[in-house]
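Engineer:
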Amino acid sequence: MNSLNQSSGPLKQIKAVLHSEVGPGVLLVIMAVLAMTIMNSSLASYYEAIFRTKVIFGVGPIVIDKPFLLWVNDGLMAIFFFLIGLEIKRELMVGHLSDIRQALLPLGAAVGGMVAPAVIYLIVTHGVDGAANGWAIPAATDIAFAIGVLALLGPRVPVPLKVFLLTLAVADDLGAIVIIALFYTEQLSVGSLGIAFAALGVLILMNYSNVGNKSAYLLVGFIMWVAVLKSGVHATLAGVALGFCIPYTLPKQESSPVVQLEHDLHGFTNYLVLPLFAFANAGVAIGEQGLAILGHQVPMGIAAGLFFGKPIGVMICCFLILKFGVAQMPRHVNWGQLFGVSLLCGIGFTMSLFIGSLAFGGMGNPLAGLDRLGILTGSLLSAVIGFIVLKKALPES
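Written out as structure tokens, the structure is:
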């Protein structure tokens, strides 16, 4: 009986961690480490074979023929972007982005936190053929990881500091979506794009007419996703558009469809979609070159952009915004705490890996895979140093 209780203790602790704010980040780390371990073992060929396997889906003349890796990146990640769309809509309606005065400081910080890493990356990678296409890789922040690290510090974290990081991260996601739409779009198919816009029009009309059937939105959203996939625009943007089209409130309904769908999707996204994405995209074959690969300008530029660029951009913009009185310092927050959070913004991981797959994902691209080591290094440094800085800057509990 005692042995049973002892064995259930660690299991309970593991379940508690996984269901906490830290859980999604812990799971992502596990899957990334597992992918790297497999890619540097005798199992590497099996790993590559699985994600290169063709998966075909077709109805009549419409056929989608892609490797399993792209089904993960274009298909499952559309669900993740759908959730981001829902979260941004909620923030705009009733959240931290609904009051522009409260949002000005993190919004400005988000802009600086995207520009500075891109500039540093371009400086470091100057002269490397094809490297400029990856300028946006260090410009993104991973919400799950950043909030997870902040959660490790417990009740010592003032609520306004957490709100600042959440708002900055949401604005960062919105900026990443715009970047993907503008700079990582292939040659367009006008016919498919027309169908996508028609589906979007139907969704907007449904929203305007207060249609409450969520299945109807998802069906039209799926049609829009297929059309966007075929159009050349990245398919995950269909997920964001669908999220914006879900009505926040409906007559005679107390609960919000947006909040309901967020609740329904969080577990599926955090414990299946993102871990599978991390496992599929974090596999780095270090090989005989070992960590000397880090000396290449691309991973160096990405790591430098995340670890140095993010805090530089965030802190400069915060200083200017506060200096000119555009916004006020959040209550119970000081410069040391802001600096710690600015370091956490350098945890790029999920979104950085995603943009890296768009920038260098072409078959035969000599830079493919180099981005992953830079992302992992920069994100790890940002998480560890950010945690240490915040631990010293936060008041003792």
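Going by my numbering, the residue at position 3 of the sequence shown is 637; the numbering climbs one at a time, nothing skipped. Where is the CB? At the ideal position from N, CA and C, for every residue including glycine.
When we look at the beta-carbon of M670 and count the other beta-carbons within 10 Å, is it buried (16 or more) or exposed?
Structural biologist: Within the sequence shown, the letter at position 36 stands for residue 670. Buried.
Engineer: By the 10 Å Cβ neighbour count, where 16 or more other Cβ atoms means buried, how is W969 classified, buried or exposed?
Structural biologist: As a position in the sequence shown, residue 969 is number 335, starting the count at 1. Its Cβ having fewer than 16 others within 10 Å, W969 is exposed.
Engineer: Would you report the Cα separation of R1006 and A770, rounded to the nearest angstrom?
Structural biologist: As a position in the sequence shown, residue 1006 is number 372, starting the count at 1. As a position in the sequence shown, residue 770 is number 136, starting the count at 1. Going by the C-alpha atoms only, they are around 14 angstroms apart.
Engineer: Can you find at least 3 beta carbon pairs, one from the segment 762 to 769 and one from the segment 949 to 965, that sit closer than 8 angstroms?
Structural biologist: Too few Cβ pairs lie closer than 8 angstroms, so no.
Engineer: Taking the straight line between their C-alpha atoms, what separation do you get for G982 and A773?
Structural biologist: Residue mapping note: residue 982 aligns to position 348 of the sequence shown, counting from 1. Residue mapping note: residue 773 aligns to position 139 of the sequence shown, counting from 1. Approximately 8 angstroms, taken between the alpha carbons.
Engineer: So the candidates are F831, P751, A919 and V892; which of them puts its Cα closest to the Cα of E725?
Structural biologist: As a first step, residue 725 is located in the sequence shown; it is residue number 91 there, counting from the start. It is V892 whose Cα lies nearest to the Cα of E725.
Engineer: Would you mind reading off the limits of the beta strand (DSSP E) that contains D699?
Structural biologist: The count along the sequence shown starts at 1 and reaches residue 699 at position 65. Run containing D699: I696 to P701, per the beta strand (DSSP E) assignment.
Engineer: Is the distance from the Cβ of V797 to the Cβ of A938 below 8 angstroms?
Structural biologist: If you number the sequence shown from 1, residue 797 lands on position 163. If you number the sequence shown from 1, residue 938 lands on position 304. Cβ distance not < 8 angstroms, so V797 and A938 don't count as in contact.
Engineer: Which whole-angstrom value is the C-beta distance of L662 and A803, which I expect to be below 8 angstroms?
Structural biologist: For the purposes of this step, residue 662 is identified with residue 28 of the sequence shown, where counting begins at 1. For the purposes of this step, residue 803 is identified with residue 169 of the sequence shown, where counting begins at 1. 15 angstroms between Cβ atoms; not a contact.
Engineer: Quick check on the DSSP output: the beta strand (DSSP E) that includes V689 runs from which residue to which?
Structural biologist: Taking the first residue of the sequence shown as 1, we reach residue 689 at position 55. First-last of the beta strand (DSSP E) with V689: K688 to V693.
Engineer: Output needed for L827: all residues of its chain with C-beta closer than 6 angstroms, excluding positions within five of it in sequence on either side, in chain order.
Structural biologist: By 1-based counting over the sequence shown, the position of residue 827 is 193. These residues qualify, in order along the chain: S865.
Engineer: Comparing alpha-carbon positions, which option in G846, L852 and V762 lies nearest F716?
Structural biologist: Taking the first residue of the sequence shown as position 1, residue 716 is located at position 82. For F716, the nearest C-alpha among the options comes from L852.
Engineer: Taking 6 angstroms as the limit between beta carbons, can you name the residues of its chain near F714, skipping five residues before and five after?
Structural biologist: For the purposes of this step, residue 714 is identified with residue 80 of the sequence shown, where counting begins at 1. The residues are T903 and V907.
Engineer: Can you say whether E721 is buried or exposed, counting buried as having 16 or more other CB atoms within 10 angstroms of its CB?
Structural biologist: Residue numbering aside, residue 721 sits at position 87 when the sequence shown is read from its first letter. That one is buried.
Engineer: For the alpha helix (DSSP H) containing D1056, list its first residue and its last residue.
Structural biologist: With the chain covering 635 to 1031 only, the question about residue 1056 has no answer from this structure.
Engineer: What are the boundary residues of the alpha helix (DSSP H) that includes V967?
Structural biologist: Locating residue 967 in the sequence shown gives position 333, where the first residue counts as 1. Note, V967: premise wrong, no alpha helix (DSSP H); not H, not E.
Engineer: Roughly how many angstroms separate the alpha carbons of P794 and K886, rounded to a whole number?
Structural biologist: Taking the sequence shown and counting its residues from 1, one reaches residue 794 at position 160. Taking the sequence shown and counting its residues from 1, one reaches residue 886 at position 252. Approximately 34 angstroms between the Cα atoms of the pair.
Engineer: Please return the same chain residues whose Cβ sits closer than 7 angstroms to the Cβ of K848, not counting the five positions on each side in sequence.
Structural biologist: The residue you call residue 848 lines up with position 214 of the sequence shown. Correct list, in chain order: P891 and L895.
Engineer: Starting from C952 and walking both ways along the alpha helix (DSSP H), at which residues does that stretch end?
Structural biologist: Translated into the one-based positions of the sequence shown, residue 952 becomes position 318. Unbroken alpha helix (DSSP H) run through C952: K944 to K957.
Engineer: Applying the 10 Å Cβ sphere with the 16-neighbour rule, what's the burial state of M727?
Structural biologist: Along the sequence shown, read from residue 1 onward, the residue named residue 727 stands at position 93. Answer is exposed; the Cβ neighbour count stays below 16.
Engineer: With G1006 as the anchor, note down where its alpha helix (DSSP H) starts and where it stops.
Structural biologist: For this step, residue 1006 is matched to residue 372 along the sequence shown. Going by the sequence as given, residue 1006 is Arg instead of Gly. Note, R1006: alpha helix (DSSP H), L1004 to A1027.
Engineer: So is Q821 buried or exposed if we call it buried at 16+ other beta carbons inside 10 Å?
Structural biologist: Taking the sequence shown and counting its residues from 1, the one referred to as residue 821 is at position 187. Exposed, by the Cβ-count rule.
Engineer: Could you pull out every unbroken beta strand (DSSP E) segment of at least 3 residues lying fully inside the segment 890 to 924, listed in chain order?
Structural biologist: Runs of the beta strand (DSSP E) inside the segment 890 to 924: none found.
Engineer: Going by the CB atoms, is the gap between G1008 and G929 shorter than 8 angstroms?
Structural biologist: Counting from one through the sequence shown, the residue named residue 929 turns up at place 295. Counting from one through the sequence shown, the residue named residue 1008 turns up at place 374. No.
Engineer: Distance check for I754 and L940, CA to CA, integer angstroms please.
Structural biologist: Counting from one through the sequence shown, the residue named residue 940 turns up at place 306. Counting from one through the sequence shown, the residue named residue 754 turns up at place 120. For L940 and I754, the distance between alpha carbons rounds to 9 angstroms.
Engineer: DSSP three-state label for K843, please.
Structural biologist: Here residue 843 corresponds to residue number 209 of the sequence shown, with the count starting at 1. Before going further, note that residue 843 is Ser rather than Lys in the sequence given. S843 falls in the coil class under three-state DSSP.
Engineer: Of the choices D807, L884, L786 and L787, whose alpha-carbon is the least far from that of S986?
Structural biologist: Numbered from 1 along the sequence shown, position 352 holds the residue referred to as residue 986. Considering only alpha carbons, the answer is D807.
Engineer: Taking just the CA atoms, how far does G990 sit from L704?
Structural biologist: Numbered from its first residue, the sequence shown carries residue 704 at position 70. Numbered from its first residue, the sequence shown carries residue 990 at position 356. Cα-Cα distance, rounded: 13 angstroms.
Engineer: Could you give the distance in angstroms between the alpha-carbon of I1019 and the alpha-carbon of A683?
Structural biologist: Translated into the one-based positions of the sequence shown, residue 1019 becomes position 385. Translated into the one-based positions of the sequence shown, residue 683 becomes position 49. Using only the alpha carbons, I get a separation of about 37 angstroms.
Engineer: Hey, how far is the Cα of P1000 from the Cα of E1030?
Structural biologist: Indexing the sequence shown from 1 puts residue 1000 at position 366. Indexing the sequence shown from 1 puts residue 1030 at position 396. In a straight line, the C-alpha of P1000 is about 49 angstroms away from that of E1030.
Engineer: With distance defined between alpha-carbon atoms, name the residue in F988, L1010, I1022 and T1011 nearest to F973.
Structural biologist: Numbered from 1 along the sequence shown, position 339 holds the residue referred to as residue 973. The candidate whose alpha carbon is nearest that of F973 is I1022.
Engineer: In angstroms, rounded to a whole number, what distance separates the CA positions of V706 and L977?
Structural biologist: For this step, residue 706 is matched to residue 72 along the sequence shown. For this step, residue 977 is matched to residue 343 along the sequence shown. Going from the Cα of V706 to the Cα of L977 covers about 29 angstroms.
Engineer: Among the residues of its own chain, which have a CB less than 6 angstroms from the CB of K700, if the five just before and after it don't count?
Structural biologist: One-based indexing of the sequence shown puts residue 700 at position 66. Correct list: empty, nothing qualifies.
Engineer: Can you list, in chain order, the residues of its chain whose CB lies under 7 angstroms from that of L1028, leaving out five sequence neighbours each side?
Structural biologist: Looking up residue 1028 in the sequence shown gives position 394. Result list for L1028: L787, R790, V791 and Q971, in chain order.
Engineer: Pick helix, strand or coil for A774, following the three-state DSSP scheme.
Structural biologist: Numbered from its first residue, the sequence shown carries residue 774 at position 140. Here A774 sits in coil by DSSP.
Engineer: What's the call for H730, buried or exposed, on a 16-neighbour Cβ count within 10 Å?
Structural biologist: As a position in the sequence shown, residue 730 is number 96, starting the count at 1. Flag for H730 reads buried.
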